[in-house]
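Visitor: Here the working numbering is used: the first residue of the sequence shown is 1, the next is one more, and so on.
We put the beta carbon where it would ideally sit given N, CA and C, even for glycine.
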Amino acid sequence: FIHSARTPADIVFRSELEALAARFANVDVRFVCSQEGSAWQGPTGRIDRPMLLRLAPDLHQRTSYVCGPEPFMQTVRACVAEIGIAPSQYHEESFGGAVGNSMPLQSAVAGPTCVHFARSGVEYLCAPGETLLDAARNSGLYIPTACQQGICGTCRTVKLSGDVVIDDLEGLSLEEKAAGYVLACCSRPQGTVCLDL
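(1) So, for Asp-48: in the same chain, excluding its five sequence neighbours on each side, which residues have a beta-carbon less than 7 Å away from its beta-carbon?
(2) Go to Cys-79, then tell me how far its alpha helix (DSSP H) extends in each direction, as first and last residue.
(3) How many angstroms separate the CA atom of Arg-137 from the CA atom of Thr-145?
(4) Let's see if you can read the secondary structure: which residues bound the beta strand (DSSP E) around Pro-189?
(5) Enumerate in chain order the residues of its own chain whose CB-to-CB distance from Cys-67 is below 8 Å, with the five nearest sequence positions on each side excluded.
(6) What whole-angstrom Cβ distance do Cys-114 and Leu-125 have, given they're in contact under 8 Å?
(7) Let me know if Pro-57 comes out buried or exposed under the rule of 16 or more other beta-carbons within 10 Å of its beta-carbon.
(8) According to DSSP, simplified to helix, strand and coil, what is Glu-123?
(9) Which same chain residues, not among the five before or five after Glu-36, have their C-beta less than 8 Å away from its C-beta?
(10) Closest by CA to Lys-159, which one among Glu-123, Gln-89, Ala-178 and Cys-194?
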């Protein structure tokens with residue numbers, strides 16, 4: 001567990017995290033402060049590739065979960081990509097950002113399209129630009145979500161038929177894509193689409 005903060009005083013739940021690390025041998029907690037403090041003896045500076053590899057030399061063998069302000073996550077995202085970590089091993093969560101899908105629109109059909117939810121027996125007429133997640137929600141159906149940006153894979157669902165434009169940021173593995181999975185948060189129907197939902 002790596003916690004990055006501006007100063008030692010900004011480290012959230014420091015004593016609790018240290019207690020967990022002391023109690024459980026498999027919990028390793030590292031703190032990094034971007035600004036030096038008079039009593040701080042730990043690593044200082046902003047997270048970068050060398051620091052990540054120093055703090056977690058086995059990063060390739062781990063799954064990373066990152067949360068923080070967007071500039072911080074952009075930095076970590078770039079470092080992880082530079083290191084060569086597989087997208088399936090990297091997940092983000094953001095609090096306080098824009099609600100809804102922030103993905104750029106790729107080409108969308110000019111008119112409405114139909115999404116059929118096979119197991120539910122529900123059909124929904126999508127407006128241009130609406131995602132499969134929008135269609136499910138507007139139909140009263142539940143699809144679990146987290147990042148809503150095509151990264152985490154939480155909203156994956158099986159597409160039984162039809163075509164979609166996917167603005168995903170590699171939230172699915174090649175195997176999942178081959179099995180027919182799509183990410184509802186960033187998939188837009190291009191005609192009639194049928195989902196296993």
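Guide: Looking at the atomic coordinates:
(1) Cys-79
(2) 70-83
(3) 11 Å
(4) 187-189
(5) Met-73, Glu-92, Glu-93, Ser-94 and Phe-95
(6) 6 Å
(7) exposed
(8) strand
(9) Thr-44
(10) Cys-194
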